[in-house]
Amino acid sequence: MDEPADTPVIPDAWAKLRRFTPARIALGRAGTSLPTQAQLDFQLAHARARDAVHHPLATDVLRAALAQRGHTVTTVHSAAPDRQTYLQRPDLGRRLDETSRATLAALSAADDAPFDVAFILADGLSAFAIEQNALPFLDAMLPRLPAPAWKLAPLVIATQSRVALGDDIAVTLHARMVAILIGERPGLSSPDSLGIYLTWQPRIGTTDAQRNCISNIRREGLDIDVAADKLLWLMNEARSRQLSGVSLKDDTQTPEERLATPATNFLLDSRP
Amino acid sequence: MPRYAHTVDGKRYRFADLKSLLAKATPARSGDQLAGIAAGSDEERVAARMALAELPLATFLDEVPIPYEQDEVTRLIIDEHDKTAFAAVSHLTVGDFRNWLLSEAADEAALAALAPGLTPEMAAAVSKIMRVQDLILVAKKCRVVTAFRNTIGLAGRMATRLQPNHPTDDPAGVAASIVDGLMYGCGDAVIGVNPASDNVHTVTTLLRMLDAIIAKYRIPTQACVLTHVTTTIEAIGRGAPVDLVFQSIAGTESANAGFGINLALLAEGRDAALSLRRGTVGNHVMYFETGQGSALSANAHHGVDQQTCEARAYAVARKFKPLLVNTVVGFIGPEYLYDGKQITRAGLEDHFCGKLLGVPMGCDVCYTNHAEADQDDMDALLTLLASAGVNYVMGVPGSDDVMLNYQSTSFHDALYIRQVLGLRPAPEFEAWLRDIGIFVPGEALALTQDLPAPFRHALAKLD
């Protein structure tokens, strides 16, 4: 919002540079301090990011929406009983509580006919990310995985969850592969960013080097269909090469895209 | 039989070994609780401090928390310890070392002479029995001055790192934030970009751009792209203009292995940068970042508390004569530093321990959105650190790092603390700010309202 003309705020003479970056540049100043409007804008962004961290995932709403689509779905909890414990004890967020383990064990596949993949919808550090992006993503993703080529485990909703909780869930369900959709650590401008971690043959103690990550899935970020295509590619590769992680990553990254970026810019183009 | 114990009103507290005593004496923080090494009660914590206060400082030369044979950082600490420098305090207990540090005998010259005689464990130990005001008072007396194209750490001055990060390393996006920072008088510590990509081509592109900007506008500062030391060495090999070699470091050999580094590799990086001879007023060519909790998060802490591990990282840093070292204190998250109170205390401990050991300490005063902290906490820590004489802080547009997704101090924040405490930029950079017309001539630290001519010309083409 523009400040009125008679304001004591001193505008910055380089506001046109805002087109080049999402960074908070050219905010102007009150004396040398942050003007009121910019200060309140920041507080709003921080409030949203914090709300994203502390907002409990509306599991009933999610369950109902998934059931309406004809999916089998179950809800589990990590061993972290509440948010405060979750934030301080990542180890507890990585394993199931005993009730959830028993629930999943009852749904598990036979040893000789495991599920091909388990999809998990996990609150992580932002329930907003799941509430806003998980259903559209599954709507795009699941039609790409027809039976009998893909034997899907029941969908699992998980709360107070870290990425590695997916390993515990997949082991309990007997799934050969796990794709956990999880709320990423909220940034000031991205409180609802969804990440997906894919792991081939997850085990307790699987490290992040053995996972592939698709990050920043949200309306202003990575497009749902692009993300679904990427995940399908990774799942097919993981199954045929029997691995996931660093060795798959190299094929999907295209650093050449970045090389096309011009090495120069407005500060260097002109003559002083 | 435990060698360390203390009795409080008939109750005997025993501590299995030196590292256990250090851990239990540490002010409460979530990382030590996560590691299962924190004091079990407030009384046990104070009992540990009482036992620690009675311990002769020289104990730390005989008993090391991580075995000499297992850890090259321990070997560095012990092998390079300066016994002559240590003689000034070798007769003291930890408790009397605190008393001595606070005394008039411990002036700038005495503290500078002592630094090579201190081990990180000694600094960590005494910090655990110090209050915030002690950490500030003693750090304020320590002076560590470094130089490359300007001089950082002089009395009455505080520098800023201009941190113009962009989510996709877009050169124009980076340049836009550089303009924002320079116009607010920031960037004397370094213009330092955290790249989104570790690709050597991207890194080289950014290095050439930063070099060209510094040359074209004749800015007396240095540039850095904060990528892995091996990537920087490769870039130097390809002819890239590297001022400073960056690396994240930690206080144990295994944590450093987790970063993909060791002491030999850091030495190789430093030699590569020195060979370019790009400094004009000095040749400090290394830039290190640290932070409490990094050893624990790599499962490489050996049961040593996170603050002692952090102090050991400063032994690694000082070996390589860095221009800049900063703790990224609130970045790691609430499982290590839970809230504003823990972040504040940790930032002041890190600054104190670094300065006492002779390291040019700055601080990334920062927090993440899942920590119990906000801008008020950062204002408090910034004000405390500036009072303690911190060498530099970060400058991020509007406090919002849009690449790393955390909040740090802003250009406005730097001007706030300059105004309140009368702190000036590095002298060479201050002269440039006046000459180019960012500061009003004659007046201290007053910004002009118009774009200086060279920048006005650069932006004119954008209409």
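Protein chains in written order, with full-length UniProt numbering: chain U, 1 to 272; chain B, 1 to 463. Idealized CB from N, CA, C, for every residue including glycine.
- Counting only runs of 4 or more residues that sit fully inside the segment 216-255 of chain B, the alpha helix (DSSP H) segments are 229-237, in chain order.
- Going by DSSP, Leu138 of chain U is part of no beta strand (DSSP E) but of the alpha helix (DSSP H) stretching over 127-141.
- When Cβ-Cβ separations below 9 angstroms define contact, Pro27 of chain B makes no contact with chain U.
- As DSSP reads the structure, Gln407 of chain B sits in a beta bridge with B:Tyr367, B:Asp400.
- Taken in chain order, the members of the segment 166-191 of chain U whose beta-carbon sits within less than 9 angstroms of a beta-carbon on chain B are Glu184, Arg185, Pro186, Gly187, Leu188, Ser189, Ser190, Pro191.
- The secondary-structure analysis by DSSP pairs Gly173 of chain B with nothing; it has no beta-bridge partner.
- Under the DSSP assignment, Thr74 of chain B falls in the alpha helix (DSSP H) whose first and last residues are 72-79.
- Here the alpha carbon of Val76 of chain U sits roughly 8 angstroms from the alpha carbon of Thr99 of chain U.
- Classified as buried, Ala35 of chain B has 16 or more neighbouring CB atoms from the shown chains inside 10 Å of its CB.
- Neighbours of Gln88 of chain U across chain B, judged by C-beta separation under 8 angstroms: Ser30, Gln33, Leu34, Pro334, Glu335, Tyr338.
- Against chain U, the CB of Ala388 of chain B has no partner CB under 9 angstroms away; the residue lies outside that interface.
- Taking C-alpha positions only, Pro136 of chain U is separated from Pro167 of chain B by approximately 25 angstroms.
- Contact of Arg50 of chain U with chain B is assigned, a C-beta pair being separated by under 9 angstroms.
- Sequence-ordered contacts of the segment 368-379 of chain B with chain U read Thr368, Asn369, His370, Ala371, Glu372, Asp374, Gln375 [C-beta pairs closer than 9 angstroms].
- Residue state for Arg14 of chain B is assigned as strand, using DSSP reduced to three classes.
- Look at Met183 of chain B: its C-beta is under 9 angstroms from a C-beta on chain U.
- Only buried fits Glu121 of chain B, as 16 or more other CB atoms lie within 10 angstroms of its CB.
- Of the residues assessed, Ala16 of chain B falls on the exposed side of the cut-off, its CB having fewer than 16 other CB atoms within 10 angstroms.
- Distance from the Cα of Gln222 of chain B is smallest, within the candidate group B:His201, B:Ala267, B:Gly282, for B:Gly282.
- For Ile213 of chain B, the neighbours in chain U by C-beta distance under 7 angstroms run, in chain order, Leu267, Leu268.
- Secondary structure within the segment 284-310 of chain B: the beta strand (DSSP E) runs of 3 or more consecutive residues, fully enclosed, are 286-290 (chain order).
- Residue nearest to Pro220 of chain B within the set B:Ala87, B:Glu335, B:Lys128, B:Ala426 is B:Ala426 (criterion: CA-CA distance).
- Interface with chain U (9 angstroms Cβ-Cβ cutoff): Val396 of chain B is included.
- Val144 of chain B is outside the set of residues whose beta carbon lies under 9 angstroms from a beta carbon in chain U.
- Close CB contacts of Val178 of chain U within its chain, under the 6 angstroms cut and outside five residues either way in sequence, are with Ala118, Gly166, Ala170, Thr199, Pro202 (chain order).
- Within its own chain, the residues whose Cβ lies closer than 7 angstroms to the Cβ of Ser197 of chain B, once the five positions on either side in sequence are excluded, are Asp169, listed in chain order.
- DSSP places Met122 of chain B in the helix class (H, G or I) of the three-state scheme.
- Using beta-carbon distances, Pro241 of chain B does not count as an interface residue toward chain U, since no partner is under 9 angstroms.
- Looking from the CA of Thr204 of chain B, the closest CA among B:Gly187, B:Ile191, B:Thr227 belongs to B:Thr227.
- Per DSSP, reduced to three states, the secondary structure at Met130 of chain B is coil, with no helix or strand assignment.
- If you check the CB distance, Ala153 of chain U and Ala122 of chain U do not come in under 9 angstroms.
- Under the three-state reduction of DSSP output, Ala153 of chain U falls in the coil class, being neither helix nor strand.
- One thing to note: Pro334 of chain B has its Cβ within 9 angstroms of the Cβ of Gln88 of chain U.
- With fewer than 16 neighbouring CB atoms inside 10 Å of its own CB, Val246 of chain U falls in the exposed class.
- With 16 or more neighbouring CB atoms inside 10 Å of its own CB, Leu385 of chain B falls in the buried class.
- Of the residues B:Ile213, B:Ala371, B:Cys142, B:Gly347, the one whose Cα lies closest to the Cα of Thr85 of chain U is B:Ala371.
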